Structure formats: C-alpha cells, structure tokens
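What follows is a short report on a single structure.
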Amino acid sequence: MGNISHKSHNMGLHEEQLTGRTQQRFFSAEEGENYTYPWAHDVDTDKSAEFDADDMTPTAINLKIRELLIDGHGTITVHNPKARHGIGVGILNRVNLNFVGSLGYFGCGLIDGPNVRISGRVGWSCAENMMAGTVIIEKNAGSTFGAAIRGGDLVCKGSVGSRTGIDQKGGTIIVGGDTGAFSGFMMQRGRMVICGNAGKNLGDSMYDGTIYVGGKIADLGVDCVEGEMTDIDRKWLTEKLALHGVEPANGIENMTKLVSGKQLWNYDNLEPSEKKLVL
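With our numbering applied, the sequence shown has no gaps in its numbers, which climb one by one up to 279 at the end.
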C-alpha cells in the first residue's frame, strides 16, 4: 500500500480548503455565519434596555434577560450582578449583553450567538460549552476558563486560573495575562493565545489545535511540542489581537507556537514499553 499524505497531520493554521463532506450543512462556528435557531427572537440592537440586579436571584436575572429578548431588545445592560453564579447562561440569540460588575461560577455558559462584555471578574468555568459569539472580560477569570468551547471568541484581558480551555473543541481563547497549570488539557480543536506566562503541563494530551504563548512556559504536558511560527500564524495573531485590543508584552514575533506531537493518536496500538516512553 502506497504512502498516504494527510494535510491534517501538519498541525496549525492552514489556507487550503478541505474536500469531501463537511459540517457546513449542520452549523458554522465562525462569527460571520452563525447557526440561527427557529425559536430565536428578532431583536434590534438600537433598542436598548437596562436593569438593576442588586436584589434579584440568578433565576430572576436570567428570566428578565429573556423577557427583554422576547420584547425585541438587542442591547441589554445588567447592573450589579454581584458575582452571582449561573448568570447569562443558555442564550441562543444574537444580543449585545453587558454586565456592569462581576459574575460568579459558570457565567455565560451554553451560549450561541450573544456578544457579552463583563466589566469586572468572573469565577470558574466562564463560557463553558460556548458555541458562537464573543465574551470579553475586562479583569481576571477563575479556573476552567472556556471549558469545552466550540466556537466564537472568549477573551480575558487579565489573568486566569488553571485548566484554561480544557477539552477545547473550537473557537478562540485569548488571555491577556497569565494562565495556570494544565491549560489546553485534551485540546481537540481551536486556538488559544496566552499573552503572558503559562503554568505547568501546558497542552497536556492535546489532540489538535494550536497554542501561542507570549511569556514563559513552566513546562509542557504529554505530547505537546513546539511548532514553527509561519506567516499565516503571525498574520492571524496580529489581526485577532488587534481586534480585541490585547497584545503580548514581548511582541508577536517572540511568541512560542505549540501543537500536538501526535504520539497519542494511536495510543492503544502502542506496546507497553512504547507507552512508558510517551508518558
């Protein structure tokens, strides 16, 4: 049997178009072609509303946001969320959603389409399973930031905790400061940009995707290796970081690119002695 060349084996960003069946008929995670749900509400971004959540429960806050969506409000501002948990979750609609203050655990999870801006901090698991849209945090974030996201842009302009982008399946995660240990753990697709330093076991057991780091790396996890920065990488980083007003302290030219070493792709077929070498 002759040698078969797979373009997908060359990790990182590419310009070539994939052939054969694609996921395009089902959904697109790109910002320009978001999947539209049949029950999504028609909203007008020029129609704005705001409310004070000072004495409201998380359930009441989420219900209020949905009521405003039903009424066609395309720009919603929530004051005083007071770091309550589970706020802004499950929104499957285009809307500009602004939180003036901080959110607690699991903020803005399970969303598809909204453009969210948070003026304060966020707790654990912000934007978990995000499908599309943007979430921008002006300060810091907790652990498991962007767990299992599939699309859109998730940006923290400060620093984040450990396990950033764990099981990331697509989209872009951008951290303006530092990230903790095990960031990019079991990464499957997408891009992660860390402008500052990265903790231990970066990219551990990653299958695919690309990680860029602007500062120091404590150490790399299993099967995470350094890749070659290309003109495509530099162009994409320049445009994406400029879009969100974030930049690495040492410049894009000095960033480190990390990809999968592909040693775990056929892990079950390895002999016991080979598995010890990989691990």
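Positions of the beta carbon are idealized from the N, C-alpha and C atoms, including for glycine.
Everything numeric in this text was worked out from a predicted model, so none of it was measured.
Mapping the DSSP letters down to three states, classify residue i as helix, strand or coil.
i, result
"residue 132", "strand"
"residue 261", "coil"
"residue 202", "strand"
"residue 55", "coil"
"residue 34", "Bear in mind that a pLDDT of 46 at residue 34, under 50, signals an unreliable position, so the model cannot answer this."
"residue 63", "helix"
"residue 173", "strand"
"residue 29", "Its pLDDT being 45, under 50, residue 29 is placed unreliably in this model, and the coordinates cannot settle the point."
"residue 253", "helix"
"residue 137", "strand"
"residue 166", "coil"
"residue 185", "coil"
"residue 122", "strand"
What are the boundary residues of the alpha helix (DSSP H) that residue i is part of?
i, result
"residue 219", "First-last for residue 219: undefined, no H or E at that position."
"residue 239", "231-243"
Can you check whether the CB of residue j is closer than 8 Å to the CB of residue i?
i, j, result
"residue 147", "residue 166", "yes"
"residue 186", "residue 152", "no"
"residue 133", "residue 103", "no"
"residue 208", "residue 224", "no"
"residue 140", "residue 160", "yes"
"residue 237", "residue 217", "no"
"residue 99", "residue 126", "no"
"residue 37", "residue 110", "no"
"residue 101", "residue 81", "yes"
"residue 150", "residue 177", "no"
"residue 191", "residue 210", "yes"
Between which two residues does the beta strand (DSSP E) harbouring residue i extend?
i, result
"residue 150", "Here residue 150 belongs to no beta strand (DSSP E), and DSSP marks it neither H nor E."
"residue 99", "96-100"
"residue 212", "210-213"
"residue 118", "112-118"
"residue 88", "No beta strand (DSSP E) contains residue 88, which DSSP labels as neither H nor E."
"residue 228", "Here residue 228 belongs to no beta strand (DSSP E), and DSSP marks it neither H nor E."
"residue 75", "73-79"
"residue 190", "189-194"
Return yes when at least one heavy atom of the ligand MN lies under 7 Å from the C-beta of residue i, else no.
i, result
"residue 249", "Of the ligands one can find in the structure shown there are none, so the ligand MN has no counterpart to examine."
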